[in-house]
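Student: All letters in the sequence shown, in the order written, are residues 1258 to 1345 by our numbering. Take a look at this one; I'll ask things after.
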Amino acid sequence: MSEFETFHKDEMVVYACIRALEIMGEAVKNIPDEFRQQYPKIPWKKIAGIRDVLIHHYFGIDKNVIWKTIKMNIPQIKPMFKKMLREI
């Protein structure tokens, strides 16, 4: 069974990932614009936007989108967040 298939079948993991993305999006919304402007490479609006999509689509959340976000998008922005944390 592939890693994606394992993810797809484990509802607890899927819901944990969804919740983590919701929390991340909510946290981003609370970061002041002045601070965000110092780090323009971080896709602030997209991070906040995925939270909105997840919160308001109780049914029909596409697990493929969650998987792509967790496996592709998050690893791309993680170094940016690490850099930001070192600088503050």
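Where is the CB? At the ideal position from N, CA and C, for every residue including glycine.
Between the C-alpha atoms of S1259 and K1266, what's the straight-line distance to the nearest angstrom?
Tutor: 11 Å
Student: Take G1282 as the anchor and find which of H1313, K1298, R1343 and I1304 has the nearest alpha-carbon.
Tutor: I1304
Student: Taking just the CA atoms, how far does P1332 sit from W1301?
Tutor: The C-alpha of P1332 is placed about 15 Å away from the C-alpha of W1301.
Student: Whole angstroms are fine: how far does the CA of V1270 sit from the CA of P1336?
Tutor: Approximately 24 Å between the Cα atoms of the pair.
Student: Given this structure, state the Cα-to-Cα distance separating K1339 from G1317, to the nearest angstrom.
Tutor: 33 Å
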